[in-house]
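First to last, the protein sequences are chains A and B. According to full-length UniProt numbering, the first sequence holds residues 1 to 396 in order. According to full-length UniProt numbering, the second sequence holds residues 1 to 218 in order. Each remark here refers to the structure printed beneath this line.
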Amino acid sequence: MTRLFMFEKPLGMRDTLPVLFERKQKIRSSIEKEMKNWGYQFMETPTLEYYDTVGAASATLDQQIFKLLDQQGQTLVMRPDMTAPIARVAASKLLKNDLPIRLAYSANVFRAQQREAGRPAEFEQIGVECIGDSTVSADGEGIALMIHSLLAAGLEDFRLSIGHIGFVQTFFRQILGTEERVKALTRYLYGKNYVGYREHVNELALSSIDKQRLLEFLTLKGRSQIIEKAFDLLENDIGKRAVTELQQLWDIIFDFGLDGKVTFDLTLVSHMSYYTGIVFEVYAGNVGFPIGNGGRYDLLLQKFGKQTGATGFAIRMDRLLEALEVDEEELERTSCVLFSSERRREAFDYAQKQRKLGNKVVLQDISGVKDIDACTSRYVDITFLVGKAGKEAALK
Amino acid sequence: MNNFLTIAMPKGRIFEDAVQLLKKAGFQLPPEFDDSRKLILEVPEEKFRFILAKPMDVPTYVEHGVADLGIAGKDVMLEEERDVYELLDLKISACYLAVAGLPDAKINDVAPKVATKYPHVAAAYFREQGEQVEIIKLNGSIELAPLIGLADRIVDIVSTGRTLKENGLVEYERMVEITSRLIVNPVSFRLKDERINELVERLSKLKTGGFGNENFKS
Chain A
1 MTRLFMFEKP
11 LGMRDTLPVL
21 FERKQKIRSS
31 IEKEMKNWGY
41 QFMETPTLEY
51 YDTVGAASAT
61 LDQQIFKLLD
71 QQGQTLVMRP
81 DMTAPIARVA
91 ASKLLKNDLP
101 IRLAYSANVF
111 RAQQREAGRP
121 AEFEQIGVEC
131 IGDSTVSADG
141 EGIALMIHSL
151 LAAGLEDFRL
161 SIGHIGFVQT
171 FFRQILGTEE
181 RVKALTRYLY
191 GKNYVGYREH
201 VNELALSSID
211 KQRLLEFLTL
221 KGRSQIIEKA
231 FDLLENDIGK
241 RAVTELQQLW
251 DIIFDFGLDG
261 KVTFDLTLVS
271 HMSYYTGIVF
281 EVYAGNVGFP
291 IGNGGRYDLL
301 LQKFGKQTGA
311 TGFAIRMDRL
321 LEALEVDEEE
331 LERTSCVLFS
341 SERRREAFDY
351 AQKQRKLGNK
361 VVLQDISGVK
371 DIDACTSRYV
381 DITFLVGKAG
391 KEAALK
Chain B
1 MNNFLTIAMP
11 KGRIFEDAVQ
21 LLKKAGFQLP
31 PEFDDSRKLI
41 LEVPEEKFRF
51 ILAKPMDVPT
61 YVEHGVADLG
71 IAGKDVMLEE
81 ERDVYELLDL
91 KISACYLAVA
101 GLPDAKINDV
111 APKVATKYPH
121 VAAAYFREQG
131 EQVEIIKLNG
141 SIELAPLIGL
151 ADRIVDIVST
161 GRTLKENGLV
171 EYERMVEITS
181 RLIVNPVSFR
191 LKDERINELV
201 ERLSKLKTGG
211 FGNENFKS
């Protein structure tokens, strides 16, 4: 084994230094406030879960899950997402009277370590789950809240793409017949491989009309006009429900005045395999990866013993931070009181008065500072309470 | 600057084919384009910024979003498995991946060794054939490996087969056909959809690139 340098941390792990921490917390609290205002309640779950419960229910690919063993030999996972743990808690404790519940979290989630930069093994997600509501209104609320959360964080240049897993599945099944053939074609969508998709379609034993329908499917992107196009691609109204849902969703988003932020993209399928209905991803101008995603997962709660629908979303804090412009001005102003022991009490009283006013004040014994100039330049304001009382000098 | 499209171009074999294709699609590219040594070239008339990368790195630039689009060989796409959209088969720089070796050379039963620039593709291919092989990753002149006894077989791209022939090697299996693809970053695909769709439309109208591989020997 190579000897570690003392500054090294495990692969994929990151420190958050004070300046970044401050920014992160500010963003987090604006988003949390927004979510709370919409009636979502924050909760926490443990970092470790069982592989056989939450690990298996989570849709993160097995090789991407961070695993370890406990003393009994049970495989544990560092939670790969918050949706599965919250589903566990909701199913076993919170769902009562068949009333929808609205939960929120901001927590760190984990992935198996990867060598490449930009793939942290630990990152923060902030998100919500609305459990027990199967209406499109719940989907609409999720999308609206995601948009408002990002706006609250100060992000303006972003866009959501909305797809529908149910539509893709029914549409493919209608034309292809067998599950096996559906799976084979869906794989190209997951792989974002349009070339392979087209080649595969052309090789299938299908009528040229059906081939055309499958190829047309790739163009189902845009605003509300594509809903009609999607409808026309269907046969005998099977799969109509999904299209109706998209129409309803559009109406909701329009009513909420958010239609400028969203487009449909029916080719959008998520790697998170528990999604069953409307899904969405959000993109920001200067970040190469989606900064958040969400969708409906009506079958996940079943795994924990409850039969009910749910929808939710998560925003990736690291990517959101990258998307937001850094405004140096916004960093908190801190002042400093340099005191000598003769005037300790005076200094403390003064600092407390300032702190009560909400100002940040560092109380520093002057004999603990070697370089006064360096100390002065670090704070926006310095007060000297040094020597005998009455001789104080306040600088700047 | 933001309305520029950044396109990652592969240096070397595919580059000229790709430039010709763009010109054929009606894009105005400066004549000195081909022999410049700059790594970043801007074409303000078309609002394009080209970055010139190693072919194997093109999908990396695109996945991370520092390039919106890229032109990459299918061989590279198979090897790198990056999370990008593969939008168009540009049908340029055609070649194929093949297994080759010395004529009549038996593959070692105990520890079959395969040298290649494509360790993932090679390992997956032999695995599907029901064979577990040991991979030796090389970065070029793969044909050397069987000649001096480093490996029993090589996996490499073949366009004319001349390099194999001149070195006394034979092709054992043709694995997969390779052409160059237009790839795009998933975020750019959504946020710059209009410009990207226009580019795709103009390129797909050309149907076949029409440039054979005869000028580009491996």
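Think of the CB as a built atom: it goes at the ideal place given N, C-alpha and C, for glycine as much as any other residue. These numbers were taken from a predicted model, which means no experiment stands behind them.
- Tyr-297 of chain A counts as buried, since no fewer than 16 other beta carbons sit within 10 angstroms of its beta carbon.
- Within the region 42 to 120 of chain A, the runs of beta strand (DSSP E) that reach at least 3 residues and sit entirely inside it are, in chain order, 48 to 50, 67 to 69, 75 to 78, 101 to 110.
- In the DSSP assignment, the residues bridged to Gln-364 of chain A are A:Leu-338.
- If the five residues before and after Ala-107 of chain A are omitted, its C-beta is found closer than 6 Å to the C-beta atoms of Met-82, all from its own chain and listed in chain order.
- Within the same chain, Arg-102, Leu-103, Ala-104, Val-128 come within 7 Å of Tyr-40 of chain A by CB-CB distance, once the 5 residues on both sides are set aside.
- Nearest in C-alpha terms to Ser-134 of chain A, of all of A:Leu-301, A:Glu-34, A:Phe-5, is A:Leu-301.
- Within the same chain, and ignoring the five residues on either side of Leu-69 of chain B in sequence, the residues whose Cβ sits closer than 6 Å to its Cβ are Ile-7, Val-184.
- For Asn-202 of chain A, there are no neighbours in chain B by C-beta distance under 8 Å, as the nearest C-beta there is about 12 Å away.
- Taking a beta-carbon distance threshold of 7 Å, His-64 of chain B counts as an interface residue toward chain A.
- Here the alpha carbons of Lys-23 of chain B and Val-170 of chain B stand approximately 37 Å from one another.
- A residue is called buried once 16 or more other Cβ atoms fall within 10 Å of its Cβ, and Ala-56 of chain A, having fewer, is exposed.
- No residue range can be given for Gly-154 of chain A, since it is assigned to no beta strand (DSSP E) and is classified by DSSP as neither H nor E.
- Closest option to Arg-181 of chain B, judged by alpha-carbon separation, among B:Gly-12, B:Ala-94, B:Gly-65: B:Ala-94.
- In the three-state scheme derived from DSSP, where H, G and I count as helix and E and B as strand, Ala-72 of chain B is classed as strand.
- In this structure, Val-279 of chain A lies away from Arg-319 of chain A, with their beta-carbon atoms at least 7 Å apart.
- Glu-346 of chain A is positioned such that its CB atom lies closer than 7 Å to that of Leu-385 of chain A.
- Taking CB atoms only, Asn-139 of chain B has no neighbour in chain A less than 7 Å away.
- The C-beta distance from Ala-53 of chain B to Lys-117 of chain B rounds to 16 Å, too long to fall under 8 Å, and the pair is not in contact.
- One thing to note: Val-282 of chain A has its Cβ no nearer than 7 Å to the Cβ of Phe-167 of chain A.
- With contacts defined by Cβ atoms closer than 7 Å, Tyr-96 of chain B and Ile-154 of chain B do not form a contacting pair.
- Here Lys-54 of chain B carries a coil assignment [DSSP, helix/strand/coil].
- In chain order, Ser-161, Gly-163, Lys-221 place their CB closer than 6 Å to the CB of Asp-265 of chain A, counting only its own chain and leaving out the 5 sequence neighbours on each side.
- In the three-state DSSP reduction, Pro-146 of chain B falls in the helix class (H, G or I).
- With contacts defined as CB atoms closer than 7 Å, Gln-64 of chain A and Ala-112 of chain A qualify as a contacting pair.
- Against chain A, the CB of Glu-86 of chain B has a partner CB under 7 Å away; the residue lies at that interface.
- Counting only residues of its own chain and dropping the five nearest sequence neighbours on each side, Glu-79 of chain B has a CB closer than 6 Å to the CB of Tyr-118, His-120, Val-121.
- Nearest to Val-58 of chain B by alpha-carbon distance, out of B:Lys-47, B:Met-77, B:Arg-195, B:Val-43, is B:Met-77.
- Leu-41 of chain B is bridged by DSSP to B:Phe-50.
- If only complete runs of 3 or more residues are kept, the region 109 to 194 of chain B shows the beta strand (DSSP E) at 113 to 116, 134 to 137, 153 to 158, 170 to 178, 180 to 184, in order along the chain.
- Bridge partners of Thr-376 of chain A according to DSSP: none are assigned.
- When DSSP states are grouped into helix, strand and coil, Arg-28 of chain A belongs to the helix group.
- Within the region 259 to 283 of chain A, the beta strand (DSSP E) runs of at least 3 residues that lie entirely inside it are, in chain order, 262 to 265.
- For Val-201 of chain A, the secondary structure class from DSSP, reduced to helix, strand or coil, is helix.
- With respect to Gly-285 of chain A, Gly-312 of chain A sits apart: the two C-beta atoms are not nearer than 7 Å.
- Across the set A:Gln-174, A:Phe-110, A:Val-262, A:Gly-196, the C-alpha of A:Gly-196 shows the shortest separation from the C-alpha of Asp-89 of chain B.
- Separation of Asp-381 of chain A and Thr-334 of chain A (C-alpha to C-alpha, rounded to the nearest whole angstrom) is 7 Å.
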